[in-house]
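Line by line, the protein sequences give chains A and B. The opening residue of the first sequence carries number 83 in our numbering; numbering runs sequentially from there. The opening residue of the second sequence carries number 7 in our numbering; numbering runs sequentially from there. Single-structure report; data block below.
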Amino acid sequence: NAGVTQTPKFRVLKTGQSMTLLCAQDMNHEYMYWYRQDPGMGLRLIHYSVGEGTTAKGEVPDGYNVSRLKKQNFLLGLESAAPSQTSVYFCASRPQGTYSNQPQHFGDGTRLSIL
Amino acid sequence: AQKITQTQPGMFVQEKEAVTLDCTYDTSDQSYGLFWYKQPSSGEMIFLIYQGSYDEQNATEGRYSLNFQKARKSANLVISASQLGDSAMYFCAETNGETGRRALTFGSGTRLQVQP
């Protein structure tokens with residue numbers, strides 16, 4: 083009963099380093115999302131995907147790239163990490179549906195620190 | 007652009023009492039959904055309750071109910087009979103039913119502390 087799994091859970095990077103965050107879901111969901119959560123703020127949408135092979139920008143996409151080569155996986159990449167990207171990153175997924183009432187299922191988050 | 011406002015950064019409530027967490031939203035769309043999520047200190051996001059813009063009845067889920075006032079654009083969460091385990095951050099969020107992405111726009115949250 084895994085749901086949405088994020089790896090790694092914690093990571094410390096130096097400025098300028100690159101890394102990839104992995105999100106995997108086993109619920110056959112079409113939609114997947116990456117959010118970031120900064121202190122005192124709610125989650126903000128970075129990028130999203132409405133199906134395999136598709137990606138689109140959210141509200142705060144600068145400095146990030148994403149890929150969805152397989153339906154179950156959604157990768158978030160930082161090409162050149164900056165201290166401003168220190169945050170907690172959440173992945174979420176939801177099934178495709180006509181109505182908006184499908185809740186998103188969240189992973190447990192990745193805490194990323196950029197020194 | 008959608009905007010969610012939670013005006014209570016922190017709230018205290020006595021165990022076994024009821025508490026209301028405020029949420030107002032700003033959308034011009036006709037079809038939308040409102041969600042509440044709980045984030046305990048362990049960090050995960052837990053879905054609590056949903057209200058659709060066309061729902062005539064207020065949503066209820068166990069001890070959680072949503073006081074939906076469409077004309078005022080408010081969707082307040084009511085927790086009845088508070089328990090110590092209810093201490094957490096609570097986020098109100100909206101999704102737009104008329105766009106393809108179905109992403110959530112979150113408020114800044116309310117930290118609830120339940121006192122024994």
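A virtual CB, placed ideally from N, CA and C, is assigned to each residue, including glycine.
If you reduce the DSSP assignment to three classes, tell me which class residue i lands in.
i, result
"B/Ser48", "coil"
"A/Leu104", "strand"
"B/Gln12", "coil"
"B/Leu90", "helix"
"A/Gln167", "helix"
"A/Gln119", "strand"
"A/Asn183", "coil"
"B/Val84", "strand"
"B/Met95", "strand"
"B/Lys76", "coil"
"B/Ala24", "coil"
"A/Val142", "coil"
"A/Asn147", "strand"
"B/Asp32", "strand"
"A/Gly189", "coil"
"A/Gly133", "coil"
Between which residues of its own chain and residue i is the CB-CB distance below 8 Å, once the five residues before and five after are set aside?
i, result
"A/Thr136", "Arg150"
"A/Ser131", "Tyr113, Met114, Tyr115, Thr137, Ala138, Val148, Arg150, Phe156"
Under 8 Å between the Cβ atoms of residue i and residue j?
i, j, result
"A/His111", "A/Pro177", "yes"
"B/Cys29", "B/Ala81", "yes"
"A/Gly122", "B/Ser114", "yes"
"B/Leu83", "B/Met17", "no"
"B/Ala99", "B/Tyr43", "yes"
"A/Thr97", "A/Pro165", "yes"
"A/Gly179", "A/Cys105", "no"
"A/Gly124", "B/Phe97", "yes"
"A/Arg93", "A/Leu197", "no"
"A/Tyr171", "A/Leu103", "yes"
"B/Gln12", "B/Thr116", "yes"
"A/Gly159", "A/Tyr146", "yes"
Anything in chain B within Cβ reach of residue i, meaning under 7 Å, just list it in chain order.
i, result
"A/Met123", "Ser114"
"A/Gly85", "Per Cβ cutoff of 7 Å: no residues; A/Gly85 is ~10 Å from chain B at best."
"A/Arg150", "Under the 7 Å cutoff, chain B gives no residues; its nearest Cβ is about 13 Å from A/Arg150."
"A/Arg198", "Chain A is shown only over 83 to 197; residue 198 of chain A falls outside these bounds and no answer can be derived."
Excluding the 5 residues preceding and the 5 following residue i in the sequence, name in chain order all residues of the same chain whose CB lies nearer than 6 Å to its CB.
i, result
"B/Ser86", "Ala24, Arg69"
"A/Val142", "Arg126, Ile128"
"A/Gln107", "Val86, Gln154, Ser175"
"B/Tyr31", "Ile10, Lys79, Glu100"
"B/Phe41", "Tyr56, Ala99"
Which chain B residues sit within Cβ distance under 9 Å of residue i?
i, result
"A/Asp144", "Near A/Asp144 there are no residues of chain B at all, since even the closest Cβ is about 17 Å away, more than 9 Å."
"A/Gly210", "No information on residue 210 of chain A is available, as it lies outside the stretch 83 to 197 that chain A covers here."
Closer than 8 Å by beta-carbon distance: list the chain B residues that pair up with residue i, in chain order.
i, result
"A/Pro185", "Phe41, Phe53, Tyr56"
"A/Ala138", "Arg107"
"A/Val170", "Gly49"
"A/Asp108", "Those do not exist, as A/Asp108 stays about 17 Å from chain B at its closest Cβ, beyond 8 Å."
Keeping to the same chain, check which residues put their C-beta closer than 7 Å to that of residue i; ignore five residues upstream and five downstream.
i, result
"B/Val120", "Val19, Glu21, Ser88, Gln89, Leu90, Asp92, Ser93"
"B/Ala109", "Thr101"
Chain A partners of residue i, CB-CB under 7 Å?
i, result
"B/Phe18", "Going along chain A, no residue has its Cβ under 7 Å from B/Phe18, so there is no contact; the nearest lies around 19 Å."
Inset, instruction - Pull out every residue of the segment 48–62 of chain B whose Cβ sits closer than 7 Å to any Cβ of chain A, in chain order. - result: Gly49, Glu50, Met51, Phe53, Tyr56, Gly58
Legend entry - Positions along the segment 70–88 of chain B whose CB lies within less than 8 Å of some CB in chain A: none
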